Amino acid sequence: MTIDTDIGFRQPPRRMSNSRVNKLLIRKETASRFLLTSMFYLMLWRATGMWYGYPAVFGEGSEGGDSLLAMKALLYCQIPLLGLYICLEPQRVLFYFKSISPLVVVVIVSSVCSLLVSIDFGASLRGLAALTLFTLPPLFYRLKYGSAETFRAFSKFIIAAAFLNLAYIIVFPRFAIMGGSYAGMVKGLFYHKNIMGQFCAIGVIVLLSFSRPKRSLTWSTLIKLPTIAVLLLLVLLSRSSTAVVMVAAGIGTIFAIGIVQRIPGTFVRGGVLVGSIFLLGFVVSSLYLGLAASIAEGFGKDLTFSGRTNIWEQLLPLVYERPLLGHGYGAFRQPWVMEEYVNLAFDARSVHNTYLGIALDIGVPAMLMWALFTFTRICKKIITEQRTSKSLEWQSKEAAIILLVLTGGMMEANMMLAPNVLWPIMVMALPLSSEHVVSRRKAYRRR
2 MTIDTDIGFR
12 QPPRRMSNSR
22 VNKLLIRKET
32 ASRFLLTSMF
42 YLMLWRATGM
52 WYGYPAVFGE
62 GSEGGDSLLA
72 MKALLYCQIP
82 LLGLYICLEP
92 QRVLFYFKSI
102 SPLVVVVIVS
112 SVCSLLVSID
122 FGASLRGLAA
132 LTLFTLPPLF
142 YRLKYGSAET
152 FRAFSKFIIA
162 AAFLNLAYII
172 VFPRFAIMGG
182 SYAGMVKGLF
192 YHKNIMGQFC
202 AIGVIVLLSF
212 SRPKRSLTWS
222 TLIKLPTIAV
232 LLLLVLLSRS
242 STAVVMVAAG
252 IGTIFAIGIV
262 QRIPGTFVRG
272 GVLVGSIFLL
282 GFVVSSLYLG
292 LAASIAEGFG
302 KDLTFSGRTN
312 IWEQLLPLVY
322 ERPLLGHGYG
332 AFRQPWVMEE
342 YVNLAFDARS
352 VHNTYLGIAL
362 DIGVPAMLMW
372 ALFTFTRICK
382 KIITEQRTSK
392 SLEWQSKEAA
402 IILLVLTGGM
412 MEANMMLAPN
422 VLWPIMVMAL
432 PLSSEHVVSR
442 RKAYRRR
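Okay, here's the thing in structure tokens:
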């Protein structure tokens with residue numbers, strides 16, 4: 002008779018059962034999804050700045066909601082949530098940062114280095130912190146869950162925002178309709194009518210379906226159709242010429258991208274894309290400018306869509322003074338800076354051109370690198386083949402959104418690389434893969 006015993010010997014480590022491992026993974030994934038979803042919707046709310054009681058006259062009260070305690074709370078609550086998520090999935094976050102494009106690295110380094118020469122260090126530091134918080138939540142959500150899931154979640158926010166603004170206009174017209182020089186223009190829950198117009202224009206592009214309609218109506222279709230009608234109504238009520246052009250150009254762009262993507266062969270698609278770009282330039286120079294001018298005149302503006310060409314003439318020489326690092330990130334979003342460098346009969350509150358603003362803030366090299374990065378992303382999204390028609394549709398919408406923001410940047414300020422309503426949306430559209438990133442996840446688990 003023998004007695005087996007482990008006394009006196011080092012016991013081998015016990016392995017957890019598969020069921021227990023699965024439970025831990027499920028709990029981790031549940032916590033991760035809760036954190037990402039919370040950050041995603043809270044940041045969308047903060048980016049829109051929607052709130053009750055904004056003054057009807059632009060310039061009175063809080064500036065864009067930044068001074069509201071609620072908006073500050075929505076922004077800074079992202080810090081602990083981001084910290085928890087990074088602690089929960091550090092390897093995934095590290096993988097995301099390792100895959101950053103070198104062109105974006107140049108922009109990041111230029112933004113940080115611009116602090117050293119900033120004419121308003123405090124404003125630049127706060128601006129970079131806000132930009133980081135605006136960027137990471139939608140980026141992490143998009144990279145983990147893919148384009149389809151991200152824009153489905155965004156569609157829910159658009160639907161809720163559309164009907165909330167419509168109800169707000171009906172119930173509280175004294176706040177929803179602007180006064181002063183913008184008398185009669187509708188802003189809804191937003192701080193300014195242009196913000197509402199741009200958000201609603203992007204909302205129309207996101208909700209529109211360009212696939213074949215199903216024989217039977219679904220609840221999704223029944224909700225989206227009236228929402229699109231409400232969004233178009235809000236665009237018209239805002240009387241934002243930029244938003245009107247964005248809707249028209251967005252729909253046309255998606256159709257054009259869909260045609261190019263159906264051409265067989267990557268090389269052939271690339272050639273067609275290059276030819277289309279030159280053709281688009283000719284069309285813009287010959288036909289589009291006339292249409293744009295008529296739209297702008299219909300809203301009482303000139304062809305620049307802002308009536309601020311004198312601002313550009315005064316600010317352009319400042320770019321040559323500091324071409325490498327600019328005057329500091331976010332410097333020309335400060336009222337006192339605009340008052341000091343721009344002398345006009347009216348108050349110039351912004352540079353009214355995103356590209357000029359980027360060059361002024363962080364330098365010409367960073368502006369060129371960012372323009373090159375976004376342009377190459379559009380080309381890759383158009384050329385890259387997709388597995389399914391649904392992925393193809395979302396890829397087309399993402400390319401159209403990026404193109405719309407790039408185009409709108411010529412007419413409005415702070416549409417890119419700024420804590421603006423369109424920036425989180427552009428961040429969702431920039432990643433190349435339409436599927437969620439899982440390439441390294443199994444490798445991490447094996448370790």
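Numbered by the numbering used here, the letters in the sequence shown go through residues 2 to 448 in order.
A virtual CB, placed ideally from N, CA and C, is assigned to each residue, including glycine.
From a predicted model like this one, the values you see are computed outputs, not experimental measurements.
Does the Cβ-Cβ distance between residue i and residue j come in under 9 Å?
| i | j | result |
| --- | --- | --- |
| V105 | M416 | no |
| A250 | T408 | yes |
| L232 | I159 | yes |
| T136 | Y142 | no |
| V113 | L129 | yes |
| T38 | A154 | yes |
| T254 | L405 | yes |
| R378 | I359 | no |
| L316 | Y342 | yes |
| V365 | P318 | no |
| S125 | Y330 | yes |
| F374 | V108 | yes |
| P425 | A131 | no |
| P174 | L82 | no |
| I383 | I252 | no |
| G181 | A57 | yes |
| K225 | Y55 | no |
| M51 | N166 | yes |
| G394 | S210 | Before going further, note that residue 394 is Glu rather than Gly in the sequence given. Yes, these two residues count as a Cβ contact at 9 Å. |
| N354 | M411 | yes |
Where DSSP assigns a beta bridge to residue i, which residues make up the other side?
| i | result |
| --- | --- |
| Y187 | Residue identity differs from the one stated: residue 187 is Val in this sequence, not Tyr. Answer is I178. |
Using CA coordinates, which residue listed in the options is at the minimum distance from residue i?
| i | options | result |
| --- | --- | --- |
| S242 | V422, P420, M427 and E413 | E413 |
| W337 | V422, I120 and Y77 | I120 |
| A230 | T219, I206 and W220 | I206 |
| M186 | L237, K225 and F173 | L237 |
| M197 | Q92, Y356 and V422 | V422 |
| A162 | Y42, P432, T375 and P318 | Y42 |
| Q79 | R47, P91 and A57 | R47 |
| A71 | Q92, M44, C88 and L393 | M44 |
| V428 | L116, S148, I224 and V246 | S148 |
| K157 | L208, R34, P366 and V352 | L208 |
| V172 | L190, G180, T385 and G181 | L190 |
| R34 | A367, L418 and K145 | K145 |
| F98 | L140, L69, L75 and F122 | L140 |
| M368 | V352, L326 and C380 | L326 |
| L89 | K29, P138, S392 and A168 | K29 |
| A372 | L431, E340, A244 and W220 | L431 |
| V352 | T385, C380, I312 and K381 | I312 |
| F59 | E394, Q396 and F176 | F176 |
| L76 | T133, P91 and S239 | T133 |
| V118 | L418, S397, L361 and E399 | L361 |
| L116 | V246, I363, Q396 and E399 | I363 |
| L433 | G410, M411 and S392 | S392 |
| Y53 | S102, I101, Y169 and T219 | Y169 |
| L418 | S111, L26 and T385 | S111 |
| S239 | T222, V22 and H193 | H193 |
| I87 | M40, N195, I101 and E314 | M40 |
| G204 | Q92, M247 and L69 | M247 |
| F122 | K24, T385 and H328 | H328 |
| F526 | S397, T310, E314 and N195 | Any property of residue 526 remains undetermined from this structure, which presents the chain solely from 2 to 448. |
Considering just the uninterrupted stretch of the alpha helix (DSSP H) at residue i, what are its terminal residues?
| i | result |
| --- | --- |
| M370 | V365 to I384 |
| L144 | F122 to V172 |
| L317 | T310 to E322 |
| Y330 | From DSSP, Y330 is part of no alpha helix (DSSP H); its letter is neither H nor E. |
| M429 | W424 to A430 |
Alpha helix (DSSP H) segments (min. 4 residues) lying fully within the region 190 to 257: 194 to 208 and 220 to 239
Output the residue ranges of the alpha helix (DSSP H) runs that lie fully inside the region 44 to 104 and measure 4 residues or longer, sorted by chain position. 70 to 77, 79 to 89 and 91 to 99
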